[in-house]
Structure formats: structure tokens, C-alpha cells
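Structure, as C-alpha cells:
Numbering (our numbering), first residue to last: 80 to 210.
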């Protein structure tokens with residue numbers, strides 16, 4: 080089975096531990112960076128199957144990263160993006176979804192449900208692969 084690579088952009092250690100822990104347990108390879116600066120270059124270099132962005136990412140706006148990823152010609156707009164963070168409000172979720180996030184999580188999550196949602200996003204992005 081091919082190891083699926085997920086990029087996680089977050090400086091929040093508790094978020095990193097919970098997210099990367101459940102994804103690694105499910106067989107995904109998680110690459111973490113704590114800064115938003117250079118995120119687009121990192122995404123181009125690593126070619127992940129999915130990107131997770133902390134809403135409160137230092138160095139560069141997560142929303143700006145999503146906008147750039149959804150801009151015409153980049154990844155065909157198909158790269159799944161998850162926006163998450165403990166400080167997200169309902170309006171942050173709405174804005175995230177409106178600009179192109181595929182999933183926004185404002186609060187804590189159940190690990191198995193989160194992994195199932197990630198797999199669902201991956202299936203929609205590349206239906207020929209099984210996750």
C-alpha cells in the first residue's frame with residue numbers, strides 16, 4: 080500500500096500531537112511545519128495528498144494560503160484542505176469554507192471520525208485510489 084503524505088502546518092503542539100497521532104495510527108505519513116512562511120513552496124515540493132492548516136498559523140495567513148491554492152492553475156484546485164483551530168469561531172468556519180477549505184473544525188474532534196473525514200476528502204480528490 081502506498082503511504083499517503085499529509086502536510087500539517089501548525090505551531091500549536093497540542094493540535095499537532097492529536098492530529099498527527101491519529102493520522103499516523105491510521106497509516107498516513109504526516110509532515111509538520113510550524114510556520115506559514117514558505118507554505119506554498121513546501122506544498123509544491125512535498126506534493127501532499129492533503130493539507131491541514133492551523134487557523135492561527137504564525138508567519139502567514141492560513142486563509143491566504145487557501146486562496147493561493149485555489150487560484151486558477153494551482154493543483155487544479157483539487158488538493159483537499161482542512162482548516163482547524165481551537166480559537167475558530169463560526170464566522171471563521173464560514174469564511175474558511177467560502178474561500179475554499181474542504182473541511183473546517185472549530186473544536187476538538189473524535190479521532191476516528193476525523194480520520195474517516197480525511198479519507199473521504201482523499202477519495203473525492205483522487206477517486207482511483209483507495210484510502
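C-beta: ideal position from N, C-alpha, C; glycine also. All of these numbers come straight from a predicted model, not from anything done at the bench.
Inset, instruction - Can you say whether residue 189 is buried or exposed, counting buried as having 16 or more other CB atoms within 10 angstroms of its CB? - result: exposed
Inset, instruction - Return the bridge partner residues of residue 133 from the DSSP annotation. - result: 163
Legend entry - Cβ-based neighbour list, residue 95, same chain, cut-off 7 angstroms, excluding 5 preceding and 5 following: 87, 89, 111
Inset, instruction - Helix, strand or coil for residue 84, going by three-state DSSP, please let me know. - result: Secondary structure at residue 84: strand, using DSSP grouped into helix, strand and coil.
Legend entry - Within 9 angstroms, strictly: CB atoms of residue 145 and residue 178: In this structure, residue 178 lies closer than 9 angstroms to residue 145 by Cβ.
Legend entry - Alpha carbon of residue 81 to alpha carbon of residue 168, nearest angstrom: 36 angstroms
Inset, instruction - Using 10 angstroms around the beta-carbon of residue 116, count the other beta-carbons present and answer buried if the total reaches 16, otherwise exposed. - result: exposed
Inset, instruction - With a threshold of 16 other CB atoms inside 10 Å of the CB of residue 128, please say whether the residue is buried or exposed. - result: Under this definition residue 128 is a buried residue.
Inset, instruction - Within 10 angstroms of the Cβ of residue 141, are there 16 or more other Cβ atoms? Answer buried if so, exposed if not. - result: buried
Legend entry - Check whether residue 109 and residue 163 have beta carbons under 9 angstroms apart: no
Legend entry - Rounded separation between residue 113 and residue 133 - CA only: Taking the straight line joining both Cα atoms gives about 9 angstroms.
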